[in-house]
Amino acid sequence: MQLTSLFTLAFLALGVVANPLEVRSGPSVEAAGVSGLVAPPTHGEFSAKGAVPAAPVVTTGTTAHPGPTLHPDLPSPLPSVPALIICSAQTCLGTCLEFALSSLPLDTCLTSNNFAFASALAFSPTGAGFAFGVFAALDGCATAAQLPTVNTCFNLLLNGLPQAYDEFFLA
């Protein structure tokens, strides 16, 4: 009887360890590395969709932190200025578009003109962070996830699952 109870307890413990349950809700990002970007991004076009909705989407004073050294597999030439690079597939694969950050207005919801993207990278030629946040968004920018570090490719998720985004903003 005790052996059966110990076996049952051990089996349940292994099941808990092998199958962790993680609950995620809302938009988020997961680091994907930068080695997947295989083709130089093309210059993208964007359109303004209106003002970014008020908090809780945007927290005042958010700052992207300095990122790691660039991976040697990144294509050449890379942008010579800070840029947002969005890609049609996860891990910065597929077709990628580049937007110079200096051309993007702050606090304005922007669309990538019907280009759905599954991953994004906030590129900094020097590796320094920005004094503003870079966000991927959905739903008129009401649903958004910040890219927390520069020079790191992030897969875009919604409720823990891969999701194609089609909007972005700086705040």
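Residues -18 to -1, 1 to 153 (mature numbering (1 follows the signal peptide of the UniProt record, and there is no 0)) are what the sequence shown spells out, left to right. Just so it is clear, CB atoms sit at the ideal spot from N, CA and C, and this is done for glycine as well.
If you measure between the beta carbons of residue i and residue j, is that distance less than 8 Å?
i      : j      : result
Cys74  : Cys135 : yes
Pro64  : Phe105 : yes
Gly115 : Val132 : no
What's the gap between the Cα of residue i and the Cα of residue j?
i      : j      : result
Ala82  : Pro144 : 25 Å
Ser62  : Thr125 : 30 Å
Ser94  : Ala127 : 16 Å
Asn137 : Gln72  : 5 Å
Phe112 : Leu60  : 18 Å
Asn141 : Pro107 : 32 Å
Ser84  : Leu66  : 10 Å
Ser70  : Phe97  : 8 Å
Asp89  : Ala153 : 5 Å
Tell me where the beta strand (DSSP E) around residue i begins and ends.
i      : result
Phe99  : Here Phe99 belongs to no beta strand (DSSP E), and DSSP marks it neither H nor E.
Ala127 : Thr125 to Gln128
Cys91  : Thr90 to Thr93
Asn141 : Asn141 -> no beta strand (DSSP E), and no H or E assigned at all.
Quick one: what's residue i bridged to in DSSP?
i      : result
Pro64  : DSSP, once it has assigned bridges, lists no residue as partnering Pro64.
Ala104 : Leu66
Phe117 : Gln128 and Phe151
Pairing CB atoms from the region 68 to 79 with CB atoms from the region 92 to 101, are three or more of them under 8 Å?
Of all C-beta pairs linking the region 68 to 79 to the region 92 to 101, three or more are shorter than 8 Å, placing the two stretches in contact.
For the 8 Å Cβ check, are there 3 or more pairs between the region 136 to 153 and the region 113 to 122?
They touch, by the three-pair rule.
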